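Novice:
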Amino acid sequence: MMDQANNLRNLVNKNNYEHKKAELSSRVITVTSGKGGVGKTNFSLNLAIQFSRFNKKVVIIDADFGLANIEVLFGILPKYNLADVLRGEKDVEEVLTDGPMGIKFISGGSGLKELSNITEKQLNYFINNFSYLDAISDIIIVDTGAGISKSVVNFIKASDETIIVTTPEPTSVTDAYALIKTIKEESRGNIPDFKIVVNRVDDNEEGIEIYNKISRASSKFLGVPLENLGYIPYDRFLVKAVKHQQPATICFPNCEFTKAIEKIGNRLMDIPVGKETDTSGIRGFMKRLVNIFGN
Ligand SMILES: Nc1ncnc2c1ncn2[C@@H]1O[C@H](COP(=O)(O)OP(=O)(O)OP(=O)(O)O)[C@@H](O)[C@H]1O
Ligand SMILES: [Mg+2]
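Below, the structure is given as structure tokens:
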């Protein structure tokens, strides 16, 4: 097992990406939650649409393996998925599916479950292939499954920014806190940058109250500061949009959900992205991910 970990590490560190320039790195944002069904996928894809309105090129990676989330909400059936790239059968270009407004997405399939018993040759192919995304996108949004599974924790540890979605429900709040706690315990001082979105609120007051609750507990008991990214109201137009398999920000441009997403998108665009290093972008993300999975 150690040998395999070393092999993976060596392989990644060999720098397979020399042909790509550092300034081509994209910003990798992971969207996750403690509890399931809190609105991650709807948030991810509508945020992607908001980013594309800023003329940003966005790729969404559906990392909720097994459950086909993004594609259902877009009402589009992709031909191939991430597992095809992992098996070395398809290029990343071939598994990119076109969504609305120039957004592209990659369906998860059985995805990274296969990463743990991948051969060197396959891994090499995979990483080289993925660096292509840096060249074609400004922002990569990784939509994860809920809960504290190994792969979700690994995704969070590998990404530059993590957005945790919660609702005001106590179970959702405590699960979000538990997720932050687990990441803290596993990341040995290298704690990711957490941003909180409170979804399905009755009003802003409720949003503030919930954010304060999580944020205070996280600062006080974990020593992990959280950033307040904003609140999204409960909006029946979102529910309608889901039924129509259309993103709400496209079919209901004036609804409250859309307005909230616009605000959050603006806020994220205002946040300066860290300096370009060899650890930024999807390359850095893949490096860290493989390092973590190799352990
Ligand atoms: N702001 C909102 N207003 C009204 N309903 C909402 C809102 N956000 C989410 N929902 C409802 O919650 C459902 C689940 O949303 P979504 O699929 O985005 O959650 P998820 O966190 O990705 O779930 P999973 O953990 O299963 O991946 C939606 O289909 C919708 O009915
Ligand atoms: Mg989802």
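In terms of the working numbering, the sequence shown has 152 at position 158, counting the first letter as 1, and numbering is strictly consecutive. Note that the Cβ used here is the ideal one computed from N, Cα and C, for glycine as well. All of these numbers come straight from a predicted model, not from anything done at the bench.
Considering Cα atoms alone, identify which of I100, I133, F124 and A235 is closest to F45.
Specialist: Position 51 of the sequence shown, counted from the start, is the residue given in the question as residue 45. The residue with the shortest Cα to Cα distance from F45 is I133.
Novice: Grouping DSSP H, G and I as helix and E and B as strand, with all else coil, what is K237?
Specialist: One-based indexing of the sequence shown puts residue 237 at position 243. In the structure shown, K237 sits in a helix (DSSP, three-state: H, G or I).
Novice: Could you check if F251 belongs to the surroundings of ligand 1, using beta carbon to heavy atom distance under 6 Å?
Specialist: Within the sequence shown, residue 251 is the residue found at index 257, counting from 1. Flag set: Cβ of F251 near ligand 1.
Novice: Examine the Cβ distances between the stretch 24 to 36 and the stretch 157 to 169 and report whether three or more of them are shorter than 8 Å.
Specialist: These segments touch.
Novice: Would you check whether ligand 1 has a heavy atom nearer than 6 Å to the C-beta of G259?
Specialist: Here residue 259 refers to the residue found at position 265 of the sequence shown. Because no heavy atom of ligand 1 lies under 6 Å away, the Cβ of G259 does not count as near it: no.
Novice: Where does N75 fall in DSSP's three states?
Specialist: As a first step, residue 75 must be located in the sequence shown, where it is residue number 81. Residue state, collapsed to three classes: coil.
Novice: Would you say A140 touches ligand 1, meaning its beta carbon is less than 6 Å from a heavy atom?
Specialist: One-based indexing of the sequence shown puts residue 140 at position 146. Indeed, a heavy atom of ligand 1 lies less than 6 Å from the Cβ.
Novice: In whole angstroms, what separates the C-alpha of I54 from that of K207?
Specialist: Counted from its first residue, the sequence shown places residue 54 at position 60. Counted from its first residue, the sequence shown places residue 207 at position 213. If you take the alpha carbons of I54 and K207, they lie about 30 Å apart.
Novice: Under 8 Å by Cβ, that's how I've got S101 and V52 pegged, so tell me the actual separation to the nearest angstrom.
Specialist: Position 107 of the sequence shown, counted from the start, is the residue given in the question as residue 101. Position 58 of the sequence shown, counted from the start, is the residue given in the question as residue 52. No, S101 and V52 are not in contact; Cβ-Cβ is about 16 Å, not under 8 Å.
Novice: Under 7 Å Cβ to Cβ from K15, same chain only, skipping five residues before and after it: list those, please.
Specialist: Mapped onto the sequence shown, residue 15 falls at position 21. At K15, the pLDDT of 38 sits below 50, so the modelled position is not reliable; the number obtained from the coordinates is stated separately. Hits under 7 Å: none found.
Novice: Closer than 6 Å by C-beta to Q116: which residues in its own chain qualify, once you throw out the five before and the five after it? Chain order, please.
Specialist: Here residue 116 is taken as the residue at index 122 of the sequence shown, counted from 1. Hits under 6 Å: G82.
Novice: Using only the heavy atoms of ligand 2, determine whether one of them is closer than 6 Å to the beta carbon of D34.
Specialist: For the purposes of this step, residue 34 is taken as the residue at position 40 of the sequence shown. It is worth fixing the name first, because residue 34 is Lys in this sequence and not Asp. Answer for K34: yes, Cβ within range of ligand 2.
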